[in-house]
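Heads up: the structure comes next, in structure tokens.
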Amino acid sequence: MNGEIQRMPSSAQLKEIFGKFNTDDSDRQEAMATTRFLCSKFMGGIWARAPAKAYTVKTVTGGMSNLLYFVELQHPDEKGDQQDIKILMRIQCQGGLDEQLTESVVFTLLSERGLGPQLLGIFPGGRFETFIDSRALTCQEIPKPKFARLLAPMVAHIHTLDVPITKEPQALSRTEGWLHELKSLIDDRKIELTTKLAKVDRNRVPDHVTADQLLEEVQFYQKFLDVAGSPIVFSHNDLQEGNFLLVNGYSVTEEGYKDKDGKTANPKDAMVLIDYEYASYNYRGFDLGNHLCEYAFDYSSEQAPYYAIHSERFQDVEGRRAFAQSYVDEIYRLKEASDDTHFPSDLVTGNREKDVEKVIEESTLFMTLSHLFWSAWALVNAENAICQFDYASYGRDRLAIYFDSKHLLEEYIAKHS
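If you want this note's numbering, it's the position in the sequence shown, counting the first as 1, plus 1.
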């Protein structure tokens, strides 16, 4: 497919083409030609008129589920077109047509509401977004109270949205779906639970498991959900540090966001939450518990296994309390200001201190489900990896942490049944 592209590649072909972007010159040229074809067809205007030499395409790090590319036109024409000359191209590498359709609906809706990047163009298997000059937060930053207090209102706002997709919680059904897919890939093969970086009590962790045994864990988790009483809200489901972007020119202080002149800044201008790929209605506890898990996981490593685990942060108290307090305060503020009949009625009780403690307990318990959820995701990806990230080790580490913390749920179930 070198030279000019004549017809629209399929989603599978796009994954194959861009999956080889950094391998050799011929594969890179094919990806460059495909990029120009997509930009010309779905962006139009200046993107269609510009010659191939005007295009610059670079890989963007940070994508674990998709392939991300920075696309730039270095020589805009003389007609004064007011189109973005820097954009982000996202090639979707996971999910079937139903999942990709839901993601497109969510992304478009949030884009229109000013929550996240602007949608510039959409094509089968991917889309174009505005490129945000920014940097991602780090896992060292997000547990700090000054950051936690600012991130929590963003999450609270998301949790109060009414989005036109299924209102049934998806955490357990997605986990079960991935485990069935894993079963089809490995059959009865045992998964050895040797750990790479996780620090666990080996007495609580089995030496190996099968996909069938992991499916039994879904049934166990349902018992917890039956007594947990966690509200169902629209959730991001992937609140990791890399999905919070601090826009260039802004900083985070104890007093809040500041612009480059040191003046107080509008939060919507300073920080952007991106990547709603896994967004759905879900248990609030899952979204919050998953965020707490991300205090410990660092995905910035450039050496195998391409992640690090700071286990001591699983026990962070200061950050999660600051987050919970700010989250609850924002829910009360939004509730008082809203006349929307769809505003969730079960997020707060009228007793602030009780609500804060509930959010802390809820999110702490749901951390365990996050480990099971992402272990299933990683083990499936390990069978058909799209990047160098060590999905297999990551999946085993998360699964070991799940079994190590499962006793907390067993104790909660026994107490509340």
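Ideal placement from N, C-alpha and C gives every residue a C-beta, glycine not left out.
DSSP beta-bridge partners of residue i
i	result
H209	E193
S252	K259
K224	DSSP, once it has assigned bridges, lists no residue as partnering K224.
G127	I92, F124
S281	S236
L274	F245
L111	Looking at the DSSP assignment, L111 forms no beta bridge with any residue, so it has no partner.
E73	T57, K87
T265	K259
Backbone secondary structure at residue i - three-state DSSP
i	result
V360	helix
L410	helix
K145	coil
A401	helix
S236	strand
A297	coil
T103	helix
L380	helix
F245	strand
E303	coil
L138	coil
E169	coil
L183	helix
V164	coil
V219	helix
L198	coil
L152	helix
Close-in-space but distant-in-sequence residues of the same chain around residue i (CB under 8 Å, 5 per side omitted)
i	result
V357	R322, A325, Q326, V329
N3	The predicted position of N3 is uncertain, since its pLDDT is 47 and thus under 50; no value can be drawn from it.
A393	A379, L380, A383
L366	F225, A229, G286, G290, L409, L410, Y413
P345	H160, T161, P232, V234
Close beta carbons around residue i, own chain, < 7 Å, minus the five adjacent residues each side
i	result
E169	Y282
Chain-order list of residues whose beta-carbon lies under 6 Å from that of residue i (same chain, five-residue window excluded)
i	result
F19	A32, L68, I92
H292	L240
A271	V248, Y251, Y258
W378	W179
L183	A212, L380, V381
R205	F404, D405
T139	E242
F331	Contrary to the premise, residue 331 reads as Glu rather than Phe in this sequence. Answer for E331: P154, A157, listed in chain order.
CB contact flag (residue i, residue j, <8 Å)
i	j	result
I192	R397	yes
I133	L274	no
A199	I88	no
F374	T161	no
D276	V156	no
E363	R285	yes
I166	V107	yes
L456	V219	Since the first residue of the chain shown is 2 and the last is 418, residue 456 is not available in this structure.
I143	Y279	no
G122	M9	no
A13	R37	no
V72	L110	no
E130	L120	yes
Y308	D299	yes
K416	E255	no
Item checked: Those runs of the alpha helix (DSSP H) which lie wholly inside the segment 15–70 and span at least 4 residues -> 26–43, 47–50
Note to self: Give the list of continuous alpha helix (DSSP H) stretches no shorter than 4 residues that lie fully inside the segment 307–378.
What the structure shows: 319–338
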